[in-house]
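Beneath this line is the structure, given in structure tokens, with notes to follow.
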Amino acid sequence: MISSLVRQNIKQLKPYSSARDEYKGKKASVFIDANENPFGTLLNRYPDPLQEELKRAIAEVKQVPAECIFLGNGSDEAIDLSYRVFCEPRVDNVVAIDPTYGMYEVCANINDVEYRKVALDEHFQMKADDLLAACDSHTKLIFICSPNNPTGNDLSREEIVKVIEGFKGIVIVDEAYSDFSTQRPLRLDLDKYENLIVYNTFSKAYGCAAIRLGMAFASAEIIGYFNKVKYPYNVNVLTQHKATEVLSTEMSKTCKHINLIIDERATVMEAFAQLPLCERVYPSNANFFLAKVTDANSIYNYLVDKGIIVRNRNSVNMCGNCLRITIGTKEENTQLLSALRVYKP
Ligand code: PMP
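To convert, take the position in the sequence shown, counting from 1, and add 558; that gives my numbering.
Here is the structure:
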């Protein structure tokens with residue numbers, strides 16, 4: 559069933575076979591197959607194209623089989639690959655909740671694929687029936703993000719499952735922020751849904767935005783198509799080593815950070831709600847929250863003058879006069895709140 563959704567040229571594609579793909583055999587000590595510099599600089603060898611050691615570590619932490627993991631240069635690579643594998647430019651379309659993370663639409667435009675937006679309700683929740691009603695026989699992907707960016711809330715699990723079960727194409731659930739939520743991650747239910755792809759990232763809870771490492775979890779069949787299309791050495795060796803180290807030695811620090819951020823989120827949201835300039839703080843299950851304020855543009859500029867940068871979401875659909883605020887350190891959050899307490903319209 560999945561193969562019938564894949565673009566014909568991708569199904570027929572004979573992928574590039576790198577030197578490191580071709581040699582997989584007995585232990586060897588002389589590598590003169592890849593035109594590398596033979597003098598050891600620690601970085602003179604190409605990295606493992608399929609990142610097998612790192613995937614074994616991720617499999618354990620994320621409880622997903624290694625063959626169901628794709629790794630890329632940020633989740634943004636996984637987003638782009640999802641289009642390139644499944645969507646025929648100018649023929650197919652995708653459906654997504656609105657508002658949501660902007661890269662789904664940018665990648666649709668880059669790939670010349672129609673992007674259909676389905677508005678969330680006033681609680682920033684989605685209705686499965688609305689998403690399904692926006693689909694036609696050329697809809698290949700549905701994008702859902704939970705917790706959603708920029709709104710911060712978990713989407714109803716019941717509605718998400720209804721979409722996965724009711725749609726004949728691929729459903730993508732971006733769980734970039736799921737470490738900050740109490741909802742059970744959907745990646746743990748991969749074996750139930752052959753049409754599900756879940757994205758995760760090292761950029762948020764794991765504190766590794768700089769290394770650019772994104773994950774997609776899906777059936778081994780879907781991951782096989784991603785591997786066929788990706789650049790041969792898409793994750794560099796520095797990133798692979800750092801991520802393996804984080805998973806093996808820094809997970810307790812990561813858990814501590816997540817708990818600190820969740821605690822601080824409650825404190826900051828409560829204090830923010832008390833500010834005279836605050837009209838509404840929306841519920842959050844992420845490491846940021848969305849707040850409606852009296853005048854987002856003016857408050858944004860006021861904060862910039864003080865050297866404090868938040869995300870102005872004023873021009874995003876349904877987010878008029880909204881600022882998106884990431885939970886910082888205690889000191890950073892105090893600076894933000896102190897500055898806003900003396901703001902004069
Ligand atoms: N998904 C969502 C929902 C995001 O908000 C972001 C980053 N803002 C990403 C994915 C991108 O993550 P990465 O750094 O892994 O490309």
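All residues carry an ideal CB built from backbone N, CA and C; glycine is no exception.
Once DSSP output is grouped into helix, strand and coil, what is the label at residue i?
{"i": "LEU754", "result": "strand"}
{"i": "MET809", "result": "helix"}
{"i": "TYR673", "result": "strand"}
{"i": "ALA831", "result": "helix"}
{"i": "GLU680", "result": "coil"}
{"i": "GLY533", "result": "This structure does not reach residue 533, given that the chain is present from 559 up to 903, and the question cannot be answered."}
{"i": "THR759", "result": "strand"}
{"i": "CYS836", "result": "strand"}
{"i": "ILE730", "result": "strand"}
{"i": "LYS720", "result": "helix"}
{"i": "LYS698", "result": "strand"}
{"i": "ASP712", "result": "coil"}
{"i": "VAL851", "result": "strand"}
{"i": "ILE883", "result": "strand"}
{"i": "CYS665", "result": "helix"}
{"i": "ILE655", "result": "strand"}
{"i": "LEU608", "result": "coil"}
{"i": "PHE846", "result": "strand"}
{"i": "ALA691", "result": "helix"}
{"i": "PHE775", "result": "strand"}
{"i": "PHE628", "result": "strand"}
{"i": "ARG578", "result": "helix"}
May I have the straight-line CA-CA distance separating residue i from residue j, to the nearest angstrom?
{"i": "TYR860", "j": "CYS645", "result": "43 Å"}
{"i": "ARG869", "j": "SER587", "result": "52 Å"}
{"i": "ASN891", "j": "ILE819", "result": "11 Å"}
{"i": "ILE867", "j": "ASP747", "result": "38 Å"}
{"i": "GLU672", "j": "SER714", "result": "26 Å"}
{"i": "PHE725", "j": "CYS665", "result": "22 Å"}
{"i": "PRO523", "j": "LEU689", "result": "With the chain covering 559 to 903 only, the question about residue 523 has no answer from this structure."}
{"i": "GLU663", "j": "ASN651", "result": "11 Å"}
{"i": "GLY878", "j": "ASP591", "result": "57 Å"}
{"i": "PRO605", "j": "ASN794", "result": "6 Å"}
{"i": "THR599", "j": "ALA774", "result": "32 Å"}
{"i": "LEU835", "j": "TYR901", "result": "8 Å"}
{"i": "GLY583", "j": "ARG603", "result": "17 Å"}
{"i": "THR825", "j": "THR887", "result": "12 Å"}
{"i": "LYS720", "j": "LYS620", "result": "24 Å"}
{"i": "ARG823", "j": "GLN893", "result": "15 Å"}
{"i": "VAL839", "j": "ALA854", "result": "13 Å"}
{"i": "PHE682", "j": "PHE589", "result": "55 Å"}
{"i": "VAL622", "j": "LYS613", "result": "10 Å"}
{"i": "SER562", "j": "LEU571", "result": "15 Å"}
{"i": "MET809", "j": "ASP732", "result": "22 Å"}
{"i": "ARG674", "j": "THR709", "result": "19 Å"}
{"i": "ILE816", "j": "GLU889", "result": "17 Å"}
{"i": "LYS814", "j": "PRO573", "result": "42 Å"}
{"i": "LYS585", "j": "SER761", "result": "35 Å"}
{"i": "ASP821", "j": "TYR581", "result": "50 Å"}
{"i": "ASP694", "j": "ALA844", "result": "32 Å"}
{"i": "THR807", "j": "THR884", "result": "26 Å"}
Is the beta carbon of residue j closer than 8 Å to that of residue i?
{"i": "ILE722", "j": "ILE627", "result": "no"}
{"i": "ALA763", "j": "PHE738", "result": "yes"}
{"i": "CYS880", "j": "LEU833", "result": "no"}
{"i": "ARG578", "j": "PRO607", "result": "yes"}
{"i": "ARG899", "j": "ARG882", "result": "no"}
{"i": "SER856", "j": "ILE755", "result": "no"}
{"i": "ASN711", "j": "PRO841", "result": "yes"}
{"i": "PHE830", "j": "LEU895", "result": "yes"}
{"i": "SER576", "j": "TYR791", "result": "yes"}
{"i": "THR802", "j": "GLU611", "result": "yes"}
{"i": "GLY630", "j": "LYS786", "result": "no"}
{"i": "GLY765", "j": "THR797", "result": "no"}
{"i": "VAL729", "j": "VAL643", "result": "no"}
{"i": "ILE568", "j": "TYR783", "result": "yes"}
{"i": "ALA691", "j": "MET876", "result": "no"}
{"i": "GLY727", "j": "THR697", "result": "yes"}
{"i": "GLU752", "j": "SER736", "result": "no"}
{"i": "GLY772", "j": "GLU635", "result": "yes"}
{"i": "LYS850", "j": "ALA897", "result": "no"}
Looking at chain C, is there any beta carbon in it that lies within less than 8 Å of the beta carbon of residue i?
{"i": "ALA897", "result": "Judged by its chain identifiers, the structure shown contains no chain C, having just a single protein chain."}
My guess is that residue i and residue j are in contact by the Cβ rule of under 8 Å, so how many angstroms apart are they, rounded?
{"i": "LYS685", "j": "GLU717", "result": "6 Å"}
{"i": "ALA734", "j": "SER633", "result": "6 Å"}
{"i": "GLU837", "j": "THR852", "result": "6 Å"}
{"i": "ARG648", "j": "ASP679", "result": "Not confirmed; about 32 Å, so no contact."}
{"i": "ARG745", "j": "ASN758", "result": "7 Å"}
{"i": "ILE616", "j": "LEU805", "result": "7 Å"}
**Message:** Does the structure place the segment 698–705 close enough to the segment 648–660 that three or more beta carbon pairs sit under 8 Å?
**Reply:** yes
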